[in-house]
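First to last, the sequence lines map onto chains B and A. Sequential numbering from 742 applies to the first sequence in the working numbering. Sequential numbering from 148 applies to the second sequence in the working numbering. Encoded as structure tokens, the structure appears first; notes follow it.
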Amino acid sequence: MALLEVDSLRRCFGGLVAVKDVSFAVEKGVIKAVIGPNGAGKTTLFNLISRALAPTAGRVRFDGCDLQGKKPHQVASMGMARTFQNIEMFSGMTALENVMVGCHVRSRAGFLASMFALPWTRPEERKIRERSLALLDLLGLADLADKEAAGLAFGQQRAVEFARALAMEPTLLLLDEPAAGLNIYETAEVGRLITRIRDLGVTILLVEHDMSLVMEISDEIVVLSFGQVIAQGPPQAIQQDPDVVRIYLGE
Amino acid sequence: MTIELFIQYLFAGITYGSIYAIVAIGFNIIYNTTGIINFAQGEFVMLGGMISISLLDFMPLACAIILAVAITMVIGAFIEIVFIRWLAAPSVLRMIIITIGISILIREAALYIWGEGVRSLPYFTGSAITAVGIFGARISPQVLWVVGACGLTVLALSFFFKATPVGREMRACAANRKAAILCGINTGNMVTFSFVLSAGIGALAGCMMSPITYTQYDSGTALAIKGFTVAILGGLGNVGGAVAAGLLLGVVEAFSVSVVPLAFQDVISIAILLIILFIRPNGLFASKEAAGLRAF
């Protein structure tokens with residue numbers, strides 16, 4: 742069974758159909774990319790999958806469970822993490838604290854116990870801190886742990902956001918344009934990082950404009966145009982698909 | 148002015164100042180998680196005092212205070228769940244008017260339950276005429292209770308926000324609600340909890356100050372105005388700023404008595420509020436969060 746199944750998903754904004762009967766599945770352990778011209782409905786699709794937006798019609802099944810009626814924070818606790826196109830940091834908090842918040846869904850101490858910092862929550866708090874530091878180290882940010890996250894360079898903030906998402910120990914990671922605003926070297930670095938995360942057993946669904954990155958790392962690609970799926974398959978097939986070539990290069 | 152008189156004024160200022168700071172911190176906690184000013188904050192202070200006075204007939208002072216704080220926290224949770232939680236994307240103005248309505252409701256309920264009478268808790272140690280001498284000034288031990296309790300509350304809160312998971316999640320929720328939700332945090336519960344927390348610290352302040360200032364069904368209103376002034380003065384959402392601004396306002400008020408008649412004491416704080424709103428609406432200690440004031 743696929744980890745994520747999107748079934749005839751539709752979302753209208755007034756008269757505009759932003760996502761039109763989109764169906765696809767993401768198998769466990771793959772990197773799947775959603776591409777398409779600006780305004781094709783990619784970010785809306787992400788918002789529908791993470792339940793930040795409710796669909797007008799259609800269903801999303803994640804890990805065998807229908808997401809209909811679930812709240813976004815519940816979906817996140819089920820193991821779906823996400824990063825944003827425009828980075829969303831917790832301002833006023835350090836990079837380390839940002840990542841520690843990500844550990845929230847995996848911490849077991851009760852609400853009251855952790856509120857009063859009761860003695861038996863301390864080992865857990867220490868574990869959270871160590872795990873967060875290890876994640877920052879994995880992303881090469883160990884020496885920035887105590888810097889305020891919102892004050893870091895753009896690429897570093899993106900890496901902190903990655904670490905925060907990984908802290909949730911997700912089974913599915915949604916990446917909304919992970920290479921946006923990065924230079925060619927940083928983009929290559931992000932590509933290596935994404936494959937490394939996949940090798941750790943995390944399934945990845947990403948939206949990306951950088952074609953060379955998408956073609957290099959993806960196992961499968963879905964192409965959206967005006968809210969509709971016009972092609973899906975492995976990178977080689979997509980590159981040769983006449984419809985895809987037409988929407989990207991014109992007639 | 149003699150040195151004794153100076154110290155006397157200073158301590159009076161610090162006492163009232165720390166109460167103002169606590170009320171302002173209550174405003175800030177709710178402002179941070181919801182972006183609204185909860186104008187029922189002063190009523191939490193009044194409820195703390197009134198409930199503990201009523202409970203005192205049945206139990207020792209310490210139990211009465213603890214139970215009064217707990218009951219006020221439950222009332223805080225109730226208010227949020229009944230009046231705020233189910234609103235879908237309410238405007239700031241609508242939420243503020245709701246909190247003003249709640250404050251009137253609580254005040255009238257208090258009038259109905261406790262009447263118009265002025266009540267007070269007994270002095271925690273000694274009596275109204277006991278005094279400890281500090282540099283020649285005569286200070287009531289209750290003053291030390293107030294200052295000590297407020298100081299401890301501020302320390303406990305800063306530990307809570309810095310070093311506990313729930314505190315960290317509340318800050319995350321305040322900083323970026325969208326990202327907090329997608330980290331799996333139930334932001335609705337965080338908002339309820341912020342009401343519980345500010346109700347609790349407000350009630351505690353109400354108990355501590357009751358022997359000095361007395362408690363009446365409408366004593367929350369004046370405090371809410373002072374607390375609001377302090378919250379603005381210190382920069383909305385800025386807890387450290389609230390402490391500094393609270394002490395500042397308390398001391399200025401206390402010393403103003405030596406220049407203007409006592410009856411004009413409130414004029415001083417209202418005048419400060421107006422001046423700050425005109426010339427430095429982000430507060431004296433302008434912070435980034437305070438820029439959110441523009442939402443009004």
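From the three backbone atoms N, C-alpha and C, an ideal C-beta is built for every residue, glycine too. Nothing here was measured: the structure is a model prediction, and the numbers come from that model.
| request: Give the straight-line distance between the Cα atoms of residue 389 of chain A and residue 956 of chain B, rounded to the nearest whole angstrom. | output: Within the second sequence, residue 389 of chain A is the residue found at index 242, counting from 1. Within the first sequence, residue 956 of chain B is the residue found at index 215, counting from 1. The C-alpha of residue 389 of chain A lies about 54 Å from the C-alpha of residue 956 of chain B.
| task | State the DSSP-derived secondary structure class of residue 241 of chain A, mapped to helix, strand or coil. | result | For the purposes of this step, residue 241 of chain A is identified with residue 94 of the second sequence, where counting begins at 1. Helix, per DSSP.
| Below-7 Å beta-carbon distance, residue 440 of chain A vs any chain B residue | Looking up residue 440 of chain A in the second sequence gives position 293. With a pLDDT of 42 at residue 440 of chain A, under the threshold of 50, the modelled position of that residue is not reliable, and no figure is offered here.
| task | Report the rounded CA-to-CA distance for residue 432 of chain A versus residue 820 of chain B, giving the unit in angstroms. | result | Taking the first residue of the second sequence as 1, we reach residue 432 of chain A at position 285. Taking the first residue of the first sequence as 1, we reach residue 820 of chain B at position 79. Going by the C-alpha atoms only, they are around 41 Å apart.
| task | Note down the Cα distance separating residue 252 of chain A from residue 746 of chain B, rounded to an integer number of angstroms. | result | Along the second sequence, read from residue 1 onward, the residue named residue 252 of chain A stands at position 105. Along the first sequence, read from residue 1 onward, the residue named residue 746 of chain B stands at position 5. One C-alpha to the other measures close to 50 Å.
| request: Could you tell me which of B:961, B:790, B:781 and B:767 sits nearest to residue 758 of chain B, measuring between CA atoms? | output: Mapped onto the first sequence, residue 758 of chain B falls at position 17. Comparing Cα positions, the closest option is B:781.
| task | Name, going along the chain, the residues of the segment 322–345 of chain A whose beta-carbon falls closer than 9 Å to a beta-carbon of chain B. | result | 322, 323, 325, 326, 327, 328, 329, 330, 331, 332, 333, 334, 335, 336 and 340
| request: Give the range of the beta strand (DSSP E) segment to which residue 752 of chain B is assigned. | output: Counting from 1 along the first sequence, the entry for residue 752 of chain B is found at position 11. It spans 745–754 - the beta strand (DSSP E) in which residue 752 of chain B sits, taken as one unbroken run.
| query | For residue 949 of chain B, which residues of its own chain have a beta-carbon under 7 Å away from its beta-carbon, when the five flanking residues on both sides are left out? | reply | Along the first sequence, read from residue 1 onward, the residue named residue 949 of chain B stands at position 208. Taken in chain order, the residues that qualify are 774, 776, 918, 919, 920 and 955.
| request: Would you check if the distance between the CB atom of residue 750 of chain B and the CB atom of residue 822 of chain B is smaller than 7 Å? | output: Position 9 of the first sequence, counting from 1, holds the residue named residue 750 of chain B. Position 81 of the first sequence, counting from 1, holds the residue named residue 822 of chain B. Between residue 750 of chain B and residue 822 of chain B, the C-beta spacing is not below 7 Å.
| query | What does residue 889 of chain B pair with, by DSSP beta-bridge criteria? | reply | Start at 1 with the first residue of the first sequence, and residue 889 of chain B comes out as number 148. DSSP output for residue 889 of chain B lists B:835 as bridge partner(s).
| request: Inspect the beta-carbon positions of residue 835 of chain B and residue 871 of chain B and report whether they are closer than 7 Å. | output: In the first sequence, the residue the question calls residue 835 of chain B occupies position 94. In the first sequence, the residue the question calls residue 871 of chain B occupies position 130. Contact flag unset, no.
| request: Give the DSSP bridge partners of residue 944 of chain B, in chain order. | output: Position 203 of the first sequence, counted from the first residue, corresponds to residue 944 of chain B. Residue 944 of chain B pairs with B:913.
| Of the residues B:953, B:979 and B:951, the one placed nearest residue 963 of chain B, counting alpha carbons only | The residue you call residue 963 of chain B lines up with position 222 of the first sequence. Ranking the options by Cα distance to residue 963 of chain B, first place goes to B:979.
| Going along chain B, which residues have a C-beta under 7 Å from residue 315 of chain A? | Your numbering for residue 315 of chain A matches position 168 in the second sequence. Going along chain B in sequence order, the residues near residue 315 of chain A (Cβ under 7 Å) are 838, 841 and 842.
| task | Tell me, please, whether the CB atom of residue 319 of chain A is closer than 7 Å to any CB atom in chain B? | result | As a first step, residue 319 of chain A is located in the second sequence; it is residue number 172 there, counting from the start. Yes, its Cβ sits closer than 7 Å to a Cβ of chain B.
| query | Taking the continuous alpha helix (DSSP H) assigned at residue 973 of chain B, which residues delimit it? | reply | Translated into the one-based positions of the first sequence, residue 973 of chain B becomes position 232. First-last for residue 973 of chain B: 969–974, but that is the beta strand (DSSP E), not the alpha helix (DSSP H).
| field | Host beta strand (DSSP E) of residue 773 of chain B (start-end) | value | Counting from 1 along the first sequence, the entry for residue 773 of chain B is found at position 32. Element bounds for residue 773 of chain B: 772–776.
| task | Give me the Cα-Cα distance between residue 266 of chain A and residue 205 of chain A, rounded to the nearest whole angstrom. | result | Numbered from 1 along the second sequence, position 119 holds the residue referred to as residue 266 of chain A. Numbered from 1 along the second sequence, position 58 holds the residue referred to as residue 205 of chain A. So the two alpha carbons sit approximately 16 Å from each other.
| field | Beta-carbon contacts of residue 363 of chain A that lie in its chain and below 6 Å, excluding the five residues immediately before and after | value | Counting from 1 along the second sequence, the entry for residue 363 of chain A is found at position 216. Around residue 363 of chain A: 265.
| said: If you reduce the DSSP assignment to three classes, tell me which class residue 804 of chain B lands in. | reply: In the first sequence, counting from the first residue as 1, residue 804 of chain B sits at position 63. Note: residue 804 of chain B maps to coil in three-state DSSP.
| field | Simplified DSSP assignment, three categories, for residue 272 of chain A | value | Within the second sequence, the letter at position 125 stands for residue 272 of chain A. Reduced to three states, the DSSP call for residue 272 of chain A is coil.
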